[in-house]
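As structure tokens, the structure follows; a few thoughts come after it.
Numbering (the numbering used here), first residue to last: -14 to 180.
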């Protein structure tokens, strides 16, 4: 439950937190129809608690002291999946859209108070969660991704963090503009069914 956040709040009392990075991500084991996700109630609860509640509560804990000092940085790691609804990963995509919207809203609230809040929306990165072991140009290692993403802090409030991911997002956005919504959703669904 939420007792963990009371504990964290107590442990952080008296510590000056200048930078908070909310980098948590829980997803489905594999793309699946919403009603067919094995142990679906638990999985959906875990996704929402990890991807939405954790970052929100950590921000609630750290933001007041940043506001008091009139300086601080909060980086919320969302996902390129936040760009549009994602069939077969609907809850994951929605949870990452929540993170992106929360970040952008808080940035608008606090930008004139010396606090910088950024939404980072990576595509695939070679990590344990993505289960992609071999890095490529489009799927960098976590170290390569972070190195480039850190260069966007203070520059872009909403970023894809990595050049090839930004290019992918631009292509996706153009496809979303050009194709009827149903066609785009069918393409997304078909591509995820192949995983």
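Here a beta-carbon is modelled for each residue, glycine too, at the ideal position from N, C-alpha and C.
Keep in mind that this is a model prediction, so the values were computed, not measured.
Proximity below 9 angstroms, CB of residue i to CB of residue j
i	j	result
residue 144	residue 87	no
residue 187	residue 121	Only positions -14 to 180 of the chain appear in this structure, which leaves residue 187 out of reach.
residue 154	residue 108	yes
residue 100	residue 27	no
residue 149	residue 165	no
residue 89	residue 142	yes
residue 48	residue 95	yes
Whole-number beta carbon distance between residue j and residue i, since they are thought to touch under 8 angstroms
i	j	result
residue 110	residue 127	6 angstroms
residue 52	residue 98	6 angstroms
residue 32	residue 80	5 angstroms
residue 74	residue 177	7 angstroms
residue 50	residue 14	At roughly 38 angstroms, the Cβ-Cβ gap does not stay under 8 angstroms, so residue 50 and residue 14 are not in contact.
beta-carbon residue i near the ligand ATP non-hydrogen atom, thresh 8 angstroms
i	result
residue 91	Questions concerning the ligand ATP fall outside what the structure shown contains, since it holds no ligand whatsoever.
Cβ-based neighbour list, residue i, same chain, cut-off 7 angstroms, excluding 5 preceding and 5 following
i	result
residue 29	76
residue 173	71 and 72
residue 151	145
Residues near residue i by beta carbon distance below 8 angstroms, same chain, minus five either side
i	result
residue 78	64, 66, 67, 69, 70 and 71
residue 137	103, 105, 144 and 146
Chain-order list of residues whose beta-carbon lies under 6 angstroms from that of residue i (same chain, five-residue window excluded)
i	result
residue 19	75
residue 85	63, 67 and 104
residue 134	105 and 146
- Message: Measuring CB atoms only, is the segment 36 to 52 touching the segment -9 to 11, in the sense that at least three cross pairs come out at less than 8 angstroms?
- Response: yes
- Query: With a cut-off of 8 angstroms, do at least 3 Cβ pairs link the segment -9 to 8 to the segment 46 to 62?
  - Reply: yes
- Task: Go through the segment 87 to 164 residue by residue and report every complete run of the beta strand (DSSP E) that reaches 3 residues or more, in order.
- Result: 100 to 105
- Query: Enumerated in chain order, which unbroken segments of the beta strand (DSSP E) with a length of 3 residues or greater are wholly contained in the segment 17 to 93?
  - Reply: 57 to 62
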